[in-house]
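Heads up: the sequence shown begins at 0 in numbering that gives the first Met the number 0, then just goes up one per residue.
For every residue, glycine included, the Cβ atom is placed at its ideal position computed from N, Cα and C.
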Amino acid sequence: MNPETLETTPRAGDPGAASTPTMQAVAVHPGKPQSVHLARIPRPRLSDVHGGRGVLVKMLSVGVDGTDKEIDAAEYGMAPPGDDYLVLGHESFGRVESVGSAVTEFAPGDHVVATVRRPGTSVYDQIGTYDMTTDDTYFERGINLRHGYLTEYIVEDPEYLVKVPHGLRHTGVLLEPTSIVEKGIAQAFEIQRRLRVWRPRRAAVTGAGTIGLLAALALRLRGLDVTVFGRTPRPYLNSDLIEALGARYLNTAEVPLLEGTRRHGPFDLVFEASGFSPLVFEGMQALAKNGVLVLSSVTGGDRMVEVPADRINLQFVLGNKVVVGTVNANREYFESGVRDHAQAEAQFPGWLSRLVTHRVSGLENFRDLFTTLTMGTGVIKVVCDIAKE
Ligand code: BGC
Ligand code: ZN
0 MNPETLETTP RAGDPGAAST PTMQAVAVHP GKPQSVHLAR IPRPRLSDVH
50 GGRGVLVKML SVGVDGTDKE IDAAEYGMAP PGDDYLVLGH ESFGRVESVG
100 SAVTEFAPGD HVVATVRRPG TSVYDQIGTY DMTTDDTYFE RGINLRHGYL
150 TEYIVEDPEY LVKVPHGLRH TGVLLEPTSI VEKGIAQAFE IQRRLRVWRP
200 RRAAVTGAGT IGLLAALALR LRGLDVTVFG RTPRPYLNSD LIEALGARYL
250 NTAEVPLLEG TRRHGPFDLV FEASGFSPLV FEGMQALAKN GVLVLSSVTG
300 GDRMVEVPAD RINLQFVLGN KVVVGTVNAN REYFESGVRD HAQAEAQFPG
350 WLSRLVTHRV SGLENFRDLF TTLTMGTGVI KVVCDIAKE
């Protein structure tokens, strides 16, 4: 047996250890590259949340993404205080098993998705907008200082759970990445209220991965003409999905962003989701007057580029343009994500499900999750099916 699988959290000599029910989880030792392993950890209890407000959720499916890869590469992520491991997984979907006596929002059998970030201390955290924290330290389940969802059960406060209607349960696991896109677009619209009237017509999305695809969907649902720029030649699954939305796919090797802008822009909204930071400066030059550029890529490197600084600055000043960064999402954006999933299912039936290209069954097959994630073209969303209904 792999010695890693013998790892248990209840400490030897702990009198409660023998009686503490445990469960499986996929975890890493933060700071140690390629340390992903199957662990046994204590099963959470309803009473872990005080005042009868606990909700016990059985995890059904959890998606993985580049962030999980970076955490396993030890580029990112910290263990919760007192633990030497971090349970991975922040794209959750589960079913409520039981609820505490003071929970009115959920009942057993409800399908739910849990939000990722937990409040710190800033004023933004205090009003439920923890995605806007100004604290240096942030808490994110499955990412930083809080255990994640690649496990059998979690217990949460209702504040951090979002109900997924029965008819949308097959798209629930995509809600967390959708929430990222919802926040970015909502930020853009919120900022553009400065214009009194903003009627965006043309949008560009840079990057055709999960976030780029979901951004293209959300912008099409809002009636925009959408051009997506990616670095893979069409046709392939992602370009097919983009074209199925009535959006346009351009390969940047054939049509660079600025050439695409001459043909189909300039763009009132540019959503950057390529993970390639030099594109930010081309994105700035692709904006129409009064346009807004939304940056959503988490880029951990230290890449340098030369840019036409005077030109970019002049266009921004003379064109009243905006660039905004966006990270994470609070429950408001998970809720608007549910509404967009519903509209998407009505307008583009089955489209969302096509994003889930690979499913790995059982936490014990966690290695397949990571090898699939790095397979390249043909892979969009990889999901671990943890349990059946
Ligand atoms: C997650 C976000 C998180 C961000 C930064 C992303 O992969 O989806 O919820 O805020 O990483 O840690
Ligand atoms: Zn993520």
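Exposed unless 16 or more other CB atoms sit within 10 angstroms - verdict on residue i
| i | result |
| --- | --- |
| Ile-126 | exposed |
| Leu-372 | buried |
| Ala-345 | exposed |
| Ser-360 | exposed |
| Leu-212 | buried |
| Met-283 | buried |
| Ala-272 | buried |
| Pro-232 | exposed |
| Gly-51 | exposed |
| Glu-253 | exposed |
| Arg-419 | The question about residue 419 has no answer, for the chain in this structure spans 0 to 388. |
| Glu-305 | exposed |
| Gly-377 | exposed |
| Ser-18 | exposed |
| Lys-380 | buried |
| Glu-281 | buried |
| Asp-130 | buried |
| Leu-249 | buried |
| Val-196 | exposed |
| Pro-234 | exposed |
| Asp-135 | exposed |
| Phe-270 | buried |
| Phe-188 | exposed |
| His-165 | exposed |
| Ala-147 | For the sequence presented, residue 147 should be read as Gly rather than Ala. With 16 or more Cβ atoms within 10 Å of its Cβ, Gly-147 is classed as buried. |
Same chain, Cβ closer than 7 Å to residue i, five either side skipped, listed in chain order
| i | result |
| --- | --- |
| Ala-343 | Leu-216, Leu-220, Trp-350 and Leu-351 |
| Glu-334 | Val-161 |
| Arg-145 | Pro-79, Arg-117, Phe-138 and Glu-139 |
| Ala-243 | Phe-347 and Trp-350 |
| Ala-106 | Val-95 and Val-98 |
| Val-112 | Ser-91, Phe-92, Val-161, Val-163, Gly-171, Leu-174, Glu-175 and Phe-333 |
| Asp-267 | Pro-199, Arg-200, Arg-201, Ala-202, Ala-287 and Gly-290 |
Beta carbon of residue i nearer than 9 Å to that of residue j
| i | j | result |
| --- | --- | --- |
| Asn-289 | Thr-114 | no |
| Val-337 | Gly-62 | no |
| Thr-298 | Lys-182 | no |
| Ala-24 | Leu-223 | no |
| Val-163 | Gly-171 | yes |
| Asp-339 | Thr-177 | yes |
| Leu-55 | Ile-153 | yes |
| Thr-66 | His-89 | yes |
| Val-323 | Leu-278 | no |
| Gly-81 | Ile-142 | no |
| Ser-296 | Phe-275 | yes |
| Asp-64 | Thr-205 | no |
| Pro-157 | Val-227 | no |
8 Å Cβ shell around residue i - same chain, five flanking residues per side excluded
| i | result |
| --- | --- |
| Ala-386 | Lys-57, Met-58, Leu-59 and Glu-151 |
| Gly-318 | Leu-286, Ala-287, Lys-288, Asn-289 and Gly-290 |
| Asp-71 | Val-27, Pro-32, Gln-33, Ser-34, Val-35, Leu-87 and Phe-369 |
| Leu-362 | Gln-23, Ala-24, Val-25, Leu-37, Leu-149, Thr-150, Glu-151, Cys-383 and Ile-385 |
| Lys-68 | Phe-369, Leu-372 and Thr-373 |
6 Å CB neighbourhood of residue i in its chain, flanking five on each side removed
| i | result |
| --- | --- |
| Val-225 | Ala-202, Ala-215, Leu-218, Arg-219 and Ala-246 |
| Gly-229 | Ala-207 |
| Gly-99 | Leu-45, Gly-51, Arg-52 and Gly-53 |
| Gly-30 | Ala-73 |
| Glu-388 | none |
| Tyr-123 | Met-131 and Thr-132 |
| Glu-331 | none |
| Phe-315 | none |
Heavy atom of the ligand ADP within 8 Å of residue i beta-carbon
| i | result |
| --- | --- |
| Val-316 | The ligand ADP is not part of the structure shown, which contains the ligand BGC and the ligand ZN as its ligands. |
Neighbourhood of the ligand ZN [Cβ distance below 5 Å to any heavy atom], ordered by chain position: Asp-64 and Thr-66
At least three beta-carbon pairs within less than 8 Å, the stretch 181 to 197 to the stretch 247 to 257: no
Cβ contact (3+ pairs, closer than 8 Å) linking the stretch 236 to 247 and the stretch 293 to 311: No contact exists between the stretch 236 to 247 and the stretch 293 to 311.
The stretch 26 to 37 in contact with the stretch 361 to 369 per 3-pair CB rule at 8 Å: In this structure the stretch 26 to 37 touches the stretch 361 to 369; the number of beta carbon pairs closer than 8 Å is three or more.
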